[in-house]
Each structure stands twice: as C-alpha cells, then as structure tokens.
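Q: Heads up: the sequence lines are chains A and B, in that order. Residue 247 in our numbering sits at position 247 of the first sequence, with consecutive numbering throughout. So the mapping is simple: our numbering equals the position in the second sequence, first residue as 1, plus 1000. For each residue, glycine too, the CB sits at the ideal point set by N, CA and C.
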Amino acid sequence: MKGIPLSALLGMAITAVFFLAALFAPLIAPYGMSEIVGDVWEPASRAHWLGTDNLGRDLLTRMIYGGRTTIFVASAATLVAFTMGAILGFTAAVYGGWVDQVMSRGNDLVMSIPTLIFALVVLSVMPVTLPILIMVMGLLDSTRVFRLSRAVAVDINVMDFVEAARLRGEGQRWVIFREILPNALSPLVAELGLRFIFAILFISTLSFLGLGVQPPMADWGGIVKENREGIVYGIPAALVPAIAIVTLSISVNLVADWALNRTTSLKGGRGG
Amino acid sequence: MADQDTLLDIRNLRIEATIYAPGEKPRDAVIVDDVSLKLERGKVMGLIGESGAGKSTIGLAALSYGRGGIRLAGGEIWLNGREIRAAGPGMLRRLRGREVTYVAQSAAAAFNPAKRIMEQVIEATLHHGLCSQAEAEKRAIELFRTLSLPEPETFGKRYPHQVSGGQLQRAMTALALCPHPDLVIFDEPTTALDVTTQIDVLAAIKNAIRETGVAALYITHDLAVVAQVSDEIMVLRHGKMVEHGTVQQIIEAPRQDYTRALISVRSIDHPEATPTPEPLLRVQNVSARYGAMAKDVLSNVSVDLHPGQTLALVGESGSGKSTMARVITGLLPPRAGEITFDGKPLPPALNQRSREELRQLQMIYQMADVAMNPRQTVETIIGRPLEFYFGLRGRKKRERIQELLDAIELGKGFADRYPAELSGGQKQRVCIARALAANPKMIICDEVTSALDPLVADGILKLLLDLQKREGVAYLFITHDIATVRAIADSIAVMYQGRVQRYGTKTEVLTPPFDAYTDLLLSSVPEMKLGWLENVLETRRMESAGN
C-alpha cells in the first residue's frame, strides 16, 4: 500500500470513518435512535457532543443512524445505476443500429424529465419503502451512466482488438465484459465517485421534501428537515448533516481520483 | 567564431527527458548523447535511424526546441554564429520561422483546417515583418510553381481538405521556404505518402532546395529516400552517432555494421513456389461497397491463394486492399461474387460462419498496439484462442503458450507482460502468436510491417517465412511496399481503384512488359542508388515526350 498520495490516504481515512460509523451504528451511538434524552435543542455538552434535536433526541446518535440510512441507500442506488447503466450502455454500443437508436432515444426521453420531479411523481403514487426508493433513484441515475458508458464503449468498439475478438467468433458477452469493460473502467470509476455523492444529495433532498426516508428512521436530509426551524433561533443542528455531506463528498472524490490514476496506468492497475 | 560557410554547428549535444513510468520513481533518460554535426550553407544533411534514434529530437534542437518534457541539457548549438541552446525566448522567437523553419511529417495535422492555405503559408513571413502581404503572396505563388503544384495562382485560395496529401505536403514545404530561411528541417516529409506520390513530392522538394539554395536537415528512416536529396548522411542509433559521411561513402562503402545492416535490409531470398492445382482460397468476381455508397470499392476481383504460399496484394492507399481483407473475413459481405475456402463456399457474413471456418482464417493487423487489448497480459491474449477453439486449460494451455512464445522467438518472461511493456516488434510478434494459436490454414497480414522500423520489419518477415515453412500456413499479404513483396511473395495481385490491374506469379508480374500503372508503381519505389530520382524522372519525361 505504499506510494498512495497523502490526499488519497486522507480521503480513505475519512470515508472509512463514515462507513464504519454507519456499519456499527448501534455499537457506537451513545443513545437509542428515537430515545428522548433531554430538552429541545440543547447546546453541545459533555453528555450530548452535538446537542439535541427538535424533540430532545441526541443529535450525534441521530447523525450516526442517519448516516447509516443515507450511505446505505446511496450506495445501493449507485450500484443499481452502474450495473444497469453500464450494461445497457455497452449493449447499445456493441449492437449499434436500431437497438442503439431505440435504447438511446428511450434514455433521452427519461432524461428530458427533470430527475427530481420524476422521482416526486413516482414516489407519490408508490409506497415509500427503502427498496422502492433505491430502485427509483438507481434507475433515474442510470440514464447518466448509460450515456457515459455508451460514449466510451462506442470508441472502444471500433478498435482492432475488438474486431479481432469478433473475427475469432466471440459472443457479445465476451466482447462487453472482457474486451470493453476493462478499458472503460477509468472514466466509469471517476463517474462512480461523482454519482455516489449525487445519490447522497438526491436522497437527502427527497427526505427533506418528505418523500424519502420516513420517520422515525433517521437520515441526513430528514435531520435537516426536522431542525430547519432552529436556524431562525441560531441553533446549528440543521447544519450538522450538511457538514457531514460535504466532508463525505470530498473524501470519496479524493479516493476516486486516486483510483482513476491507478486504472489509467496501462499496467492494468497492478502498478503503483 | 566559426568560419563563414558554417550555418549550423552542433557540438556535443546532450538531450535528456524525465520519464514518469507508472508505479516507478521518475528517472532521467538520455535521448541524445554527445552528438556533433556541422552543416554548411546550402548543403543538405540526412539524419537517418530507426524510431527512438533521436533524429527528430536533434532536428527540433536546431530550432532550440524540445518537445514536451525534453531538456536540451548540454552542449552548444551555433546557428549563424550565435549560440542558441541557452538563448532567451525573445531571441528564439525572432529566429524560429525566419532563419530556421520546420516541415512536419503529417501536413494534414499541421495545417489549420479552418484557414485557407495561402493565409497559413505567408503567416510566418508577415509575422516577422519581412515584407508586405502582396510581396509574400507573390513569393508563395512562385514557390507553388517551383514545387509544381497545380494552378499556382489560385492554389492558395483552397482549404487544406481540398487538396491531396501529397499536395499538402508540398504546400507545407512552401510554408517553410516562404520567409527565405537559412535552414529547413524536413521531418519525415514523405513517410506518410504512397510511393507514387512520394516520388513527386521528393522531386519537388529537391528542386525547391536547389532553386532557393537553402540548407536542410532531412530526417527519415528510409535510406533510399535520403540518398536522393542529401549531400551528407549521419546515421544515428539510440541517440548516438553511428556513422557520418558523404552519401556516396555511406551507400557504397559503409564502415559500421549497423549501417551495412540498414543498407542490406530486405535482402531476404525467397524462391517462388509454383501454384498447386487446388487453391486454398478462391475469390471469384467479387464486388463490394460500403453502406449506401454509389460506387464499388471492389469491382469484379478474382484471385487465388494456394495452400502454404503467399499472395501479395499491392497498391496505393484507396486501392481497395484492406476492403478485400474485410470481405474475406466476412466483416463486409460482398455485393456479388463468391469466395471458396478449402473447396467449400465460405458464407459471406461473419455471423453465418462456423467456429471451424473462423479458426482456419486468422488475421494480423497493421497497428499491433491497438490490435491487442491493453488490459490483457500476453498469456491471456495468446491463451484465449487456445481456450476458445481447442478448449485447452491449465497446464496444457500454459505449455502451448510457451511453445508459441518460443516459435515467435520471445522468451519465458513475456507471458506476464502487458502490451504496453513490449516494443513495437515484440507486439507484432505476439499478434502473430495469437493468429498461430488457432492453427489456421491461412493468415491475412494487413500491412503488418509498415509501422515498424526496417530492421525490425525484416525480423518479422523472416519469422513469417520461417513459420510458413514449418506450419504450412498460407498468407494473404496486404502491403504498399514493393520491397516487401519482392522478399516474400509467391504470387502478386496489383490493385488500382478497386480492380486487379495485374495478377500472376511473382516472376510474371515483375517481368516487363508492364501496364502503365504497374510501371508507375514499380519505378516509384526508391532505390538505394545515387541519381535514381533523376534517372526515373528523365525516363518518364522521355516516355511522355515520345508519346
């Protein structure tokens, strides 16, 4: 693990802290998630490091449990977006012709509707459960991944080594997963970091609007929503999730940058 | 201070670059080591060597310029009695494009496609304030005439995409000569051109050099070309000087082994085999076109390839050679005609062919670096056909890979390498091994040596012939290089504008009387003789006068 730049190490450390906190939330959190432990909007103290929220629950506990939900939903949605988007994008590029036309125009159609509005409409008619939330977010985000992976794959698809594979008689699956995917990884990895952060912002926005994660479950967007009135009285509780989102965004992208450098190396990402 | 006649005096030049290899500490590499040369006014010196020899780097150093990351680390460069290696940017700006100019290899990439040719040809002259626009244009038109460009008066009004590659290369020469420079650097000006075009450009450049009395550094890897235009030749290898002398001395009495190897390149002697009664591949009356194009790219082509022999397809770019490969491999189903392989008709489209039919017919590409997946190791690249066609796994597969690596004369350590860790020649060898892994009856070689240095290409050709003898594989060899054809072919098909112009055994095709195109093609191949260019042009002039 030597030769990793300081920025990437820092990013990894902070990201790891967030993910570990999310993973072991019940062990780390000082209080119960929906336990009322004090007065409304108590300032930071020894007992409550970040103070309490609008109902008198411990804010640090809420943040840890909230991070758990937010990070889980965002990761799962990103995973869905990448699997769907990349496979469909590569398929469109490899088959070309009318298959490509139908898929690409369909994708344009979905993209032409603003994501947030689309999500609001869908979520207002469907029951808001975590799996549905993840699927909706993932599918909407996959349109972006589709465009990127199709564009990248179209370029790779005309290279001689892909033609050589076709002349050998390889099927489309080999061409997609063995010839194109490894060469399309660098831009996809860069996009992965970015998409994950957008997913966090997206789920937070949805929760803030009341269509995301439902109470009593905590999530960062929900914490902002619950505590937004406090800002008027100078209570910083609503800003804490915002700081968490910014910190996580930056550190994930530091790691993504480094991963990008590694995969661009022609030694197949083994060097470094 | 040097004497008056010396224009360029490079002394003990040392050029370095820092290499940032992935996963390694940056290290310094010496690109050019202790090279000295002296060029008198009005003389032409040829710099010759394989890629990586540092010839372009030295050429650019004469403008005191180093491409990205290159440092002119030591030594002196005297131009017109001034030291310019350590000169400041102000002085260099006054010097470049005025006293020294540069002609790049790819004129198409060097011209701005959005501006007319004239504007670009006189740009440097006007920028340096050498004369008025009217005078500069007059000078440019004169140069166009000297370079025998068509309609010199109006030639400059065209855009770069409206003229041919050879004309653009000549326009670039006009661009370089326009500001009356003392020195022009020609960096492989004819390498990207067809032989039939190359000879015209070469003649034009030579004529222009003589008329303007300019001195030149002529950089190329083709000794036969440089022999036509230079007074002196310097042979370079790995950034060091190998030999320096007059053209006559280098060609007729080379002192160093390396120079001798360069001169005797393509001296492979391949006795021609006689056609067998039953051809392996029979192409009958094939016509093909791309998409909705109105014109056929191939029209009514018929050729035979006999088992274990080599059929060479020769012709300039656009003659349909590569389309022929696409038709035979099934990438482009023909519009008409039939292809028979091994006695059975071959289905026209790739996806109708059986795995066995695909296995019998393999292909090697021109650009080995893009013909291999950069993310696969050599073992995966060679191993995949073994797995795919023969179901080999584990130890058996590894043994066969080793056999193939031995067959292409690469050692043990190569199996784990990635393509980026191989040299150009090694890459092409791996591609050959990949084709061989399928145990094919026939391999299509599409310009397999044209991206390689002469000596490396020679090695590849010898390897191919050797493998043919051992494995009995037939080659369809697509090339524009007549010397290669002479070296390896059993029969030849000369292609021109999508038709087979001349077809037969090697002796038949290469023995006069020739048809007009074959004559033009054959006589355009540079020969390593002094005065070859003049002789050819003289003969052609006499012939056209006689007609």
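DSSP puts alanine 1017 of chain B in a beta bridge; with which residues?
A: DSSP output for alanine 1017 of chain B lists B:Ala1029 and B:Ile1070 as bridge partner(s).
Q: Ordered along the chain, which non-local residues of its own chain (more than five positions away) have a Cβ less than 8 Å from that of valine 145 of chain A?
A: So the list reads Ala81, Phe82, Met84, Gly85, Ala86, Gly89, Leu188, Glu191 and Arg195, once near-sequence residues are dropped.
Q: Mark alanine 256 of chain A as exposed unless 16 or more other C-beta atoms lie within 10 angstroms of its C-beta, in which case mark it buried.
A: So alanine 256 of chain A ends up on the buried side.
Q: Quick check: is the beta carbon of tyrosine 1365 of chain B nearer than 7 Å to any beta carbon in chain A?
A: True, the Cβ-Cβ gap to chain A drops below 7 Å.
Q: Taking Cβ-Cβ distances shorter than 7 Å, what residues in chain A pair up with proline 1385 of chain B?
A: Correct list: Arg168.
Q: Residues of the region 1341-1358 of chain B with a CB closer than 8 Å to any CB of chain A: list them in chain order, please.
A: Against chain A - using a Cβ distance shorter than 8 Å - the residues of the region 1341-1358 of chain B are Leu1350, Arg1353, Arg1355 and Leu1358.
Q: Using the Cα positions of valine 73 of chain A and lysine 225 of chain A, report the straight-line distance between them to the nearest angstrom.
A: Going from the Cα of valine 73 of chain A to the Cα of lysine 225 of chain A covers about 18 Å.
Q: Quick one: which unbroken beta strand (DSSP E) runs of 3-plus residues sit fully inside the region 1111-1169 of chain B? Chain order, please.
A: Whole beta strand (DSSP E) segments, 3+ residues: zero.
Q: Quick check on the DSSP output: the alpha helix (DSSP H) that includes alanine 1437 of chain B runs from which residue to which?
A: Alanine 1437 of chain B -> alpha helix (DSSP H) spans 1424-1437.
Q: How about threonine 1479 of chain B and arginine 1502 of chain B: do their beta carbons lie closer than 7 Å?
A: It is not a contact, given that the beta carbons lie outside the stated cut-off.
Q: Label methionine 1001 of chain B either buried or exposed according to how many other C-beta atoms from any shown protein chain fall within 10 Å of its C-beta, with 16 as the threshold for buried.
A: Summary for methionine 1001 of chain B: the model assigns pLDDT 44, below 50, so the residue's position carries little reliability, and this model does not support an answer.
Q: Could you check whether the Cβ of asparagine 107 of chain A sits closer than 7 Å to any Cβ belonging to chain B?
A: It does not: the Cβ of asparagine 107 of chain A has no partner Cβ on chain B nearer than 7 Å.
Q: If you compare alpha carbons, which of B:Leu1386, B:Arg1353, B:Ala1325 and B:Arg1400 is closest to glutamine 1366 of chain B?
A: Per the Cα distances, B:Ala1325.
Q: Going by CA-CA distance only, name the one from B:Lys1462, B:Thr1018, B:Gln1198 and B:Gly1097 that's closest to glutamine 1105 of chain B.
A: Residue B:Gln1198 is the option with its Cα nearest to glutamine 1105 of chain B.
Q: Buried or exposed, going by whether 16 or more other CB atoms sit within 10 Å of the CB of isoleucine 1019 of chain B?
A: Exposed, because fewer than 16 other Cβ atoms sit within 10 Å of the Cβ of isoleucine 1019 of chain B.
Q: Taking 7 Å as the CB-CB limit, is asparagine 54 of chain A close to chain B?
A: No, because no Cβ of chain B sits closer than 7 Å to the Cβ of asparagine 54 of chain A.
Q: DSSP state of lysine 1038 of chain B, grouped into three classes?
A: Residue state, collapsed to three classes: strand.
Q: Take glutamine 1167 of chain B and list the residues in its own chain whose beta-carbon comes closer than 7 Å to its own, dropping the five residues that flank it on each side.
A: The residues are Leu1149.
Q: Aspartate 1446 of chain B: buried (16+ other C-beta within 10 angstroms of its C-beta) or exposed?
A: With 16 or more Cβ atoms within 10 Å of its Cβ, aspartate 1446 of chain B is classed as buried.
Q: Just to make sure I have the definition right: I need the residues of chain A whose C-beta is within less than 7 Å of the C-beta of alanine 1371 of chain B. Which are they?
A: Asp160, Phe161 and Ala164, listed in chain order.
Q: Tell whether a beta-carbon distance below 7 Å holds between arginine 1041 of chain B and leucine 1007 of chain B.
A: Contact: yes.
Q: Check for me: the beta strand (DSSP E) holding alanine 1336 of chain B runs from which residue to which?
A: 1336-1341 is the span of the beta strand (DSSP E), which, as asked, contains alanine 1336 of chain B.
Q: Where do the ends of the beta strand (DSSP E) carrying methionine 1363 of chain B lie?
A: Per DSSP, methionine 1363 of chain B belongs to the beta strand (DSSP E) from 1361-1364.
Q: As a quick exercise: from B:Glu1153, B:Ala1457 and B:Leu1464, pick the residue whose alpha carbon is nearest that of alanine 1261 of chain B.
A: Here the closest residue by C-alpha is B:Ala1457.
Q: Quick check for students: name the residue ranges of the alpha helix (DSSP H) that lie wholly in the region 1247-1277 of chain B, counting only runs of 4 or more.
A: Fully enclosed alpha helix (DSSP H) runs of 4 or longer: 1247-1252 and 1257-1263.
Q: Assuming contact is defined by CB atoms lying nearer than 7 Å, are lysine 1386 of chain B and glycine 169 of chain A in contact in what I supplied?
A: The displayed chain sequence assigns leucine, not lysine, to residue 1386 of chain B. Against a cut-off of 7 Å, the Cβ pair of glycine 169 of chain A and leucine 1386 of chain B comes out as no contact.
Q: Please list the partners that phenylalanine 1414 of chain B has in chain A, where partner means a Cβ-to-Cβ separation under 8 Å.
A: Chain A residues near phenylalanine 1414 of chain B: none, gap ~15 Å exceeds 8 Å.
Q: Beta carbon of alanine 956 of chain B, beta carbon of valine 1121 of chain B: below 7 Å?
A: The question about residue 956 of chain B has no answer here: the residues shown for chain B are numbered 1001 through 1547.
Q: Looking only at its own chain, which residues have a Cβ that is under 8 Å from the Cβ of leucine 66 of chain A, when we skip the five neighbours before and after it?
A: In the sequence as displayed, the identity of residue 66 of chain A is glycine instead of leucine. Ala218, Asp219, Trp220, Gly222, Ile223 and Pro241.
Q: Under 8 Å Cβ-Cβ, which residues of chain B neighbour glutamate 42 of chain A?
A: Going along chain B, no residue has its Cβ under 8 Å from glutamate 42 of chain A, so there is no contact; the nearest lies around 53 Å.
Q: How about asparagine 227 of chain A and asparagine 107 of chain A: do their beta carbons lie closer than 7 Å?
A: No, Cβ-Cβ distance for asparagine 227 of chain A and asparagine 107 of chain A is not below 7 Å.
Q: Taking 7 Å as the cut-off, decide whether the C-beta atoms of alanine 92 of chain A and arginine 147 of chain A are in contact.
A: Against a cut-off of 7 Å, the Cβ pair of arginine 147 of chain A and alanine 92 of chain A comes out as no contact.
Q: At 8 Å on the CB atoms, spell out the chain A contacts of phenylalanine 1477 of chain B, in chain order.
A: By Cβ distance, chain A contributes nothing, its closest Cβ being about 17 Å from phenylalanine 1477 of chain B, past 8 Å.
Q: Can you check whether the CB of glutamate 1016 of chain B is closer than 7 Å to the CB of alanine 1073 of chain B?
A: Yes. Within cutoff.
Q: For the beta strand (DSSP E) holding leucine 109 of chain A, just list the boundary residues, first then last.
A: Where leucine 109 of chain A is concerned, there is no enclosing beta strand (DSSP E), although the alpha helix (DSSP H) it sits in stretches over 97-111.
Q: Roughly how many angstroms lie between the CA atoms of alanine 1110 of chain B and glutamine 1169 of chain B, to the nearest whole one?
A: Whole-angstrom Cα-Cα distance: 10 Å.
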